[in-house]
Amino acid sequence: MQHSLPRPRRSVLFVPATNEKAIAKLAQLACDTVIFDLEDAVLPEQKAAARDRLAKFFAERPAGAREYVVRINGLKSPWGADDLAAASGWATDGVVLPKIETPRDLLEANDVLDEADAPDTLKLWAMIETPRALVNLAAIAELGRDPSARLSCLIAGLNDLAKDTGVKLTPDRRYVQPWLMQMVLCARAGGIDMLDSVSNDFRDLDAFAAECGEAAAMGFSGKTVIHPAQIGPANAAFSPSVEALAEARAVVDAFALPENTSSGVISLGGKMVERLHLAEAERLLARAAQLESLRH
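Residue numbers for the sequence shown follow the numbering used here, beginning at 124 and rising by one.
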């Protein structure tokens, strides 16, 4: 059962491809995924050097279970085509496409990867950060149901959405919550992961932890982060809690009792528990075992 679980993406750290010091420290960090950024974090005059730096990193990619992906520049930019062509030959797990707006944007990038004979293990991620992407979200996410399209994950980009729409980003995110919930719904319909947007104030870790908790409750797979200090709170929020694991074990144990093995519904602690709750409990316990194995 554990082998069927998708890899965890609780904490997904953006790292500028030009930041040598940050790249050197990655081995010390507990994030599940690293996104090397060639786009917003890299000045135009540094784009080519940043690409060369990543080519060197992936040529010497460290062993381990961590996922490494690359956010390239938009394919309509002067650097995007070269970024994608280079990434197709790297030992990277994925390519993050910024500011996609239609399914066609993903399919065109996929065609480039196919023509370059990139391995099937190289997946596409998409930033949902424009009004048009939101409008086309269901069709974009539906590509997750087609393995040949390579789509594996969506990322909420609230900063750009706020800029383009004029919607205010308040600490409680009340005005953008409908968008966030729609993102989760469409991603789940497409069978892919949905990552929450970054939190700009990396010094207020209490507020960040609360935001992570809300994102986990909303159904997000994990959180994109911009500072190592945010990794711990994100991992905690998107890992099964002690209480949740205890409840899951109780459900599994109850259905294992001889008198319940053929029951579709049982009573546990004064609550009705169905076999769908058993399946959910088993998935939760399998995820906990998976996370524990990654620590060793």
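Ideal Cβ positions, reconstructed from N, Cα and C, are used throughout, including at glycine.
Would you say residue i and residue j are within 8 Å of each other, going by their C-beta atoms?
{"i": "W213", "j": "A178", "result": "yes"}
{"i": "V321", "j": "T288", "result": "no"}
{"i": "A333", "j": "D324", "result": "no"}
{"i": "F137", "j": "D160", "result": "yes"}
{"i": "A264", "j": "C309", "result": "yes"}
{"i": "R132", "j": "L318", "result": "yes"}
Report the residue from the options whose alpha carbon sits nearest the alpha carbon of residue i.
{"i": "L274", "options": "D287, R311 and P294", "result": "R311"}
{"i": "E143", "options": "V290, A279 and A173", "result": "A173"}
{"i": "L207", "options": "G393, E190 and L229", "result": "L229"}
{"i": "E238", "options": "S271, L149 and K148", "result": "S271"}
{"i": "R296", "options": "A262, C335 and D243", "result": "C335"}
{"i": "T305", "options": "P254, L292 and P294", "result": "In the sequence as presented, Thr is not what sits at residue 305; that position holds Gln. Nearest C-alpha to Q305: P254."}
{"i": "D327", "options": "K148, P356, A262 and F181", "result": "P356"}
{"i": "N233", "options": "E252, L198, I251 and A261", "result": "L198"}
{"i": "I158", "options": "D175, Q169 and A140", "result": "A140"}
Leaving out five residues on either side along the sequence, give the residues of the same chain with a beta carbon under 7 Å from the beta carbon of residue i.
{"i": "A339", "result": "A360 and F361"}
{"i": "D349", "result": "Checking the sequence shown, residue 349 turns out to be Ile, not Asp. So the list reads F137, V321 and F325, once near-sequence residues are dropped."}
Using only the alpha-carbon positions, how far apart do residue i and residue j sit?
{"i": "G217", "j": "V396", "result": "39 Å"}
{"i": "A412", "j": "A153", "result": "17 Å"}
{"i": "A352", "j": "L257", "result": "30 Å"}
{"i": "S385", "j": "A373", "result": "17 Å"}
{"i": "V219", "j": "G387", "result": "43 Å"}
{"i": "Q151", "j": "K291", "result": "36 Å"}
{"i": "H400", "j": "F343", "result": "20 Å"}
{"i": "C285", "j": "N259", "result": "According to the sequence shown, residue 285 is Ala rather than Cys. The alpha-carbon atoms of A285 and N259 are separated by roughly 17 Å."}
{"i": "R194", "j": "L407", "result": "30 Å"}
DSSP puts residue i in a beta bridge; with which residues?
{"i": "F137", "result": "I158"}
{"i": "Y191", "result": "V157"}
{"i": "T347", "result": "V135"}
{"i": "E397", "result": "V388"}
{"i": "L247", "result": "V218 and L274"}
Could you name the residues of the same chain whose beta carbon sits closer than 6 Å to that of residue i, not counting the 5 residues immediately before and after it, in chain order?
{"i": "L417", "result": "A188"}
Looking only at its chain, what residues have a beta carbon closer than 8 Å to the beta carbon of residue i, apart from the 5 residues adjacent to it on each side?
{"i": "N383", "result": "A377 and I389"}
{"i": "G314", "result": "G267 and R268"}
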